[in-house]
Structures are given as C-alpha cells and as structure tokens.
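Note that the protein sequences, when read in sequence, are chains A and B.
Just so you know, the first sequence maps onto residues 38 to 143 in our numbering.
Just so you know, the second sequence maps onto residues 789 to 927 in our numbering.
A virtual CB, placed ideally from N, CA and C, is assigned to each residue, including glycine.
Model, not experiment: these values are computed from the prediction.
Below is one structure, written out as structure tokens; comments come after it.
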Amino acid sequence: MASALINVPAKAKRGDIIEIKTLMSHIMETGYRHTATGEVVPRDIITSFTCRFNGAEIFRADLFPAISANPFITFFTTVTQSGKFEFEWIGDKGFSETASASITVE
Amino acid sequence: MAGAVPIVTVRPAEATPAMLASAIRNVTNGAAVKTGKVKLDIPPLVENGNTVPMTVSVDSPMAPEDHVASIHVFNEKNPQPNIGNFYLGPHAGRAQVSTRVRLADSQKIVAIAKLSDGSYWSASADVVVTLAACTEELI
C-alpha cells in the first residue's frame with residue numbers, strides 16, 4: 038500500500054521559513070528494465086507532486102524515471118498564517134495519493 | 789563453415805549530450821543560460837547510482853519582484869535527459885529543493901534555474917558512479 042511520510046513543523050512564528058519534507062512509497066519502475074524473458078517492464082512512476090497551502094499551490098514538481106524509488110522531496114515555504122498543507126502525488130496506472138499536515142502560526 | 793557471425797549488441801538507450809542540449813532548449817526556448825547563482829550539491833563519488841541525494845539551491849532574495857520561478861535538473865547519460873522540474877514562487881522564502889536521483893552511469897548533472905525576470909542560470913557537477921542504477925538488470 039502506498040503510504041506517505043510528511044515532516045512539517047507543528048508550530049512556527051509568522052514569517053518563518055520552514056522546511057517541508059515528503060516521502061511517498063512507490064516503486065518508480067523506470068520502464069527501461071527487462072524481465073529474464075526479455076520483456077520490458079512497463080513504466081510505473083509518479084509523474085507529478087503538488088503541495089497546496091489552504092488551497093493555493095505553493096510547490097509543484099514533475100518527476101521522471103531518474104527520480105529514485107520512494108520519491109523524497111524537500112522544499113521551503115514562508116508561513117504567514119495557520120492552515121493546512123495538502124500534498125498530492127499522481128502517477129502512472131491511475132496512481133493518486135494525498136496527505137495533509139496542519140501548522141499553527143503564532 | 790564456422791564463419792564470423794556478426795554479433796549485434798543492442799546498446800541500452802542512452803541520453804546523449806545532444807539530447808541533454810535539446811532537453812535544456814525545451815525549457816529555455818533557446819534563451820542564454822548563464823553560469824552562476826545556482827548551487828548543485830551532489831556527492832562527487834557514489835557507490836550506488838540507485839539513490840543519490842541531490843540538493844539544488846539558488847542565490848535569490850525570493851521577493852515578489854525577484855525570485856526563482858522554477859528549477860530544472862538534467863543528466864547526460866541516463867536513458868532520458870530529464871530528472872525533475874520543480875516550480876516554486878516568492879512565497880518559498882528559500883530557493884532550495886532536495887531529492888534523490890538515479891544515475892545510470894558516471895556523468896554530468898546540470899541544474900538550471902529560471903528567475904522571475906526570465907533569465908536562466910545554471911550549475912553542473914560531475915558524479916562518478918561505481919554501481920550504476922539498474923536499467924539493464926534482469927528481474
């Protein structure tokens with residue numbers, strides 16, 4: 038089963054720059070490997086990752102087969118108000134997962 | 789007769805420097821790419837090409853009038869020249885992203901940042917891989 042690991046500080050001061058770390062379990066099959074009988078193993082990767090804060094997109098990434106299995110992505114954002122981060126991973130074979138994390142800004 | 793049988797070896801698909809250049813052109817639309825501002829942190833020697841930590845940071849105030857719009861990372865010798873595209877904005881506060889990448893061979897990695905004024909800046913790094921990511925491995 039797909040599962041996400043999210044690391045967002047629970048609290049921050051207004052105007053702080055915080056780091057967000059995300060990891061989604063996924064095989065990230067490149068589509069360039071072969072089975073012993075010579076068939077190509079079909080590509081199965083996450084192609085898109087998006088992070089929204091209170092509904093507004095703050096970070097987005099396009100992923101390619103060169104991203105390692107279990108994609109780990111970290112980035113930064115400035116927090117100005119309390120709210121909820123929503124994370125979304127979309128990929129091949131109808132893969133779609135979401136996760137969320139809340140932050141309290143003082 | 790036991791003649792010479794030509795041995796046809798099928799080489800793995802491999803991005804060439806030409807593919808790298810064309811992938812970069814797709815992003816920049818031919819605009820000039822200057823060297824500088826971008827810092828690409830990746831180990832110079834890795835044992836395992838399947839998971840190589842990489843951090844790209846850009847020297848930018850990240851203000852509404854002057855910020856990094858996107859960061860694009862490319863490689864020279866994987867089957868595909870693209871590694872990832874990352875889109876950020878002034879709210880990011882710090883123009884830095886990290887991830888883990890696969891490298892099929894010892895090669896050059898290129899990171900390009902697009903700034904809000906439309907200029908492009910780049911940095912590159914060479915990585916020696918002792919155990920490549922398994923594009924050829926039988927499973």
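Can you give me the start and stop residues for the beta strand (DSSP E) that residue i sits inside?
i       : result
V821(B) : 821-823
R888(B) : 884-889
F874(B) : 870-875
Q118(A) : Per DSSP, Q118(A) belongs to no beta strand (DSSP E) and is neither H nor E.
K827(B) : 826-829
V45(A)  : Run containing V45(A): none; DSSP gives neither H nor E here.
I929(B) : This structure does not reach residue 929(B), given that chain B is present from 789 up to 927, and the question cannot be answered.
V17(A)  : One cannot answer for residue 17(A) here, as it falls past the ends of chain A, which runs 38 to 143.
F90(A)  : 83-90
DSSP three-state call for residue i: helix, strand or coil?
i       : result
N814(B) : helix
M842(B) : strand
H71(A)  : strand
H63(A)  : coil
Q860(B) : Strictly speaking, residue 860(B) in this sequence is His, with Gln absent from that position. DSSP places H860(B) in strand when its eight states are reduced to three.
L765(B) : Look at the range of chain B in this structure, 789 to 927, and you will see that residue 765(B) is not part of it.
A106(A) : coil
A920(B) : coil
A911(B) : strand
A880(B) : helix
P800(B) : Low per-residue confidence applies at P800(B): pLDDT is 44, beneath 50, and the placement is therefore not dependable, though the value from the model is reported in the following sentence. P800(B): coil per DSSP, three-state reduction.
T111(A) : strand
N866(B) : coil
M789(B) : With a pLDDT of only 45 at M789(B), under 50, the local geometry of the prediction cannot be trusted, and the value read off the model is given with reservation. Looking at M789(B) - three-state DSSP - the assignment turns out to be coil, as it is neither helix nor strand.
G128(A) : strand
A93(A)  : strand
V834(B) : strand
E76(A)  : coil
A851(B) : strand
F101(A) : coil
If I'm right that residue i touches residue j with Cβ under 8 Å, what's the distance once you round it to whole angstroms?
i       : j       : result
T748(B) : F109(A) : Outside the shown range of chain B (789 to 927) lies residue 748(B), about which nothing can therefore be said.
D897(B) : L828(B) : Before going on, a small fix: residue 897(B) reads as Ile here, not Asp. With 8 Å as the limit, I897(B) and L828(B) qualify as a contact, their Cβ atoms being about 6 Å apart.
K130(A) : D81(A)  : 6 Å
L903(B) : V856(B) : 6 Å
A899(B) : V861(B) : 5 Å
A98(A)  : N873(B) : 7 Å
T114(A) : I57(A)  : 6 Å
A41(A)  : E134(A) : 6 Å
V916(B) : P832(B) : 7 Å
F124(A) : I43(A)  : 6 Å
I140(A) : A49(A)  : 6 Å
Verify the contact flag: residue i, CB atom, against every heavy atom of the ligand GDP, threshold strictly below 7 Å.
i       : result
I140(A) : For the structure depicted, the ligand GDP is absent and the ligand set is empty, with no information on it obtainable.
query = Three or more beta-carbon pairs under 8 Å between the segment 56-69 of chain A and the segment 839-849 of chain B, yes or no?
reply = no
ask   = Should the segment 86-95 of chain A be called in touch with the segment 118-132 of chain A, which here means at least 3 C-beta pairs below 8 Å?
value = yes
request  = Pull out every residue of the segment 90-110 of chain A whose Cβ sits closer than 9 Å to any Cβ of chain B, in chain order.
outcome  = F90, A93, E94, I95, F96, R97, A98, D99, L100, F101, P102, A103, I104, S105, A106, N107, P108, F109, I110
key: Interface residues of the segment 121-132 of chain A facing chain B [CB-CB below 8 Å]   = none
request  = Select from the segment 875-892 of chain B all residues with a C-beta closer than 9 Å to any C-beta belonging to chain A, and list them in chain order.
outcome  = Y875, L876, G877, P878, H879, A880, G881, R882, A883, Q884, V885, S886, T887, R888, V889, R890, L891, A892
ask   = Are the segment 851-863 of chain B and the segment 72-84 of chain A in contact at 8 Å, needing three or more beta carbon pairs?
value = no
request  = Answer yes if the segment 867-881 of chain B comes into contact with the segment 831-840 of chain B, meaning at least three C-beta pairs across the two stretches below 8 Å, and no otherwise.
outcome  = no
request  = May I ask you to list, following chain order, the residues of the segment 38-61 of chain A that have a beta carbon less than 7 Å from some beta carbon of chain B?
outcome  = I54
message = Contact between the segment 820-834 of chain B and the segment 900-911 of chain B is defined here as three or more beta-carbon pairs at a separation below 8 Å; is this criterion met?
response = yes
task = Anything in the segment 847-873 of chain B with a Cβ closer than 7 Å to a Cβ of chain A? List those residues in chain order, please.
result = N863, N866, P867, Q868, N870, I871, G872, N873
message = Under 9 Å, CB to CB, which of the residues in the segment 830-843 of chain B have a partner in chain A?
response = N838, T839, V840, P841, T843
request  = Check distances from the C-beta atoms of the segment 70-90 of chain A to those of chain B and list, in chain order, the residues that come in under 7 Å.
outcome  = R70, H71, T72, A73, V78
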